[in-house]
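Below: one structure, written as structure tokens.
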């Protein structure tokens, strides 16, 4: 499998995880995937020449919480983009069961959770909340609203510490010194922490420098991990006739796996794959895979990215909540 320019890496949760759950849970999970793919393609429009990493599930989970405080057209736009198609109570219950399944059953060999998901709603301490909101919020999401004085310079430290605690120290100093303006009234944070071990780990002694080809045709020497083993693997062709490979790297527990897709030829851009990406195509990748012995080479990498979701969400139809004149958060606050 040749690696050139960029890789498309997806971490997937097997649908079999939800086999014994109500149809509403399975439906909500699939709609999260649909939303995630659409959002990913919108984000790519502004990040075509950048490495990009984000959690679609984290975004949809945060938007669902935000929706709980909205009304009118603002709420309608959020419901339309998430497209769950159920009542608010059914969606909230299904999302809670989905979260419990993800975090509760995906345990590693030492019985510690490999996935942890946490959402935090922080509101200005003197903000007048709609009567009963705190009780209704806890009843629905099983979590508390934290009241913070955002005019205090230490407010960011409180939020950063929350993120650090929720991710076992993996995400530190998320918010910079000027990230919380004094007029801030609400901050919604979503943290998804995944700590998994590959079923087929790369032997450390087999890591060597190899050439990695950039989109412009140049190459750079990078540390490459390699392993020869039996992988689920598929060779596919785009509608334009470009060939690409997809390989699966399962994690321990057999419920989460990483899919890596890359064009076969060095000069073919990754957009030949991302432009045609759909949930149905991902399913096709899985169904077309065959197990075979392969030499697999993967660059060692770490990735930190910052994504502004405003424009991508606006292009998907979520506009009113970004407007001071049209935003309707009347179920959250009377002001």
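Residue numbers (mature numbering (1 follows the signal peptide of the UniProt record, and there is no 0)): -19 to -1, 1 to 316. For glycine and all other residues, C-beta sits at the position ideal for the given N, C-alpha and C.
Asked, Found
"If we ignore side chains and look at the alpha-carbon of each, how far apart do residue 304 and residue 55 end up?", "10 Å"
"Look up residue 180 in the DSSP assignment and say whether it is helix, strand or coil.", "coil"
"Using 10 angstroms around the beta-carbon of residue 282, count the other beta-carbons present and answer buried if the total reaches 16, otherwise exposed.", "exposed"
"Whose CA, out of 64, 112 and 105, lies closest to the CA of residue 311?", "112"
"Does the beta-carbon of residue 170 have 16 or more other beta-carbons within 10 angstroms, so that it is buried, or is it exposed?", "buried"
"On the premise that residue 209 lies in contact with residue 276, defined as a C-beta separation below 8 Å, what is that separation, rounded to the nearest angstrom?", "5 Å"
"For residue 172 versus residue 144, is the C-beta distance shorter than 7 Å?", "yes"
"According to the Cβ coordinates, are residue 286 and residue 33 closer than 7 Å?", "yes"
"Quick check on the DSSP output: what are the complete alpha helix (DSSP H) runs of length 4 or more inside the segment 191 to 266, in order along the chain?", "252 to 255"
"Is it a yes or a no for the segment 5 to 16 touching the segment 242 to 255, going by three-plus beta-carbon pairs under 8 Å?", "no"
"Residue 284 to residue 31, Cα distance in whole Å?", "11 Å"
"On the DSSP letters alone, give me the boundaries of the beta strand (DSSP E) that residue 328 sits inside.", "As shown, the chain starts at -19 and ends at 316. That puts residue 328 outside it, with no answer to give."
"So, at 8 Å on beta carbons, what are the nonlocal neighbours of residue 76 in its own chain, with the 5 sequence-adjacent residues on each side left out?", "9, 42 and 45"
"So, with DSSP's three-state summary, where would you put residue -11?", "strand"
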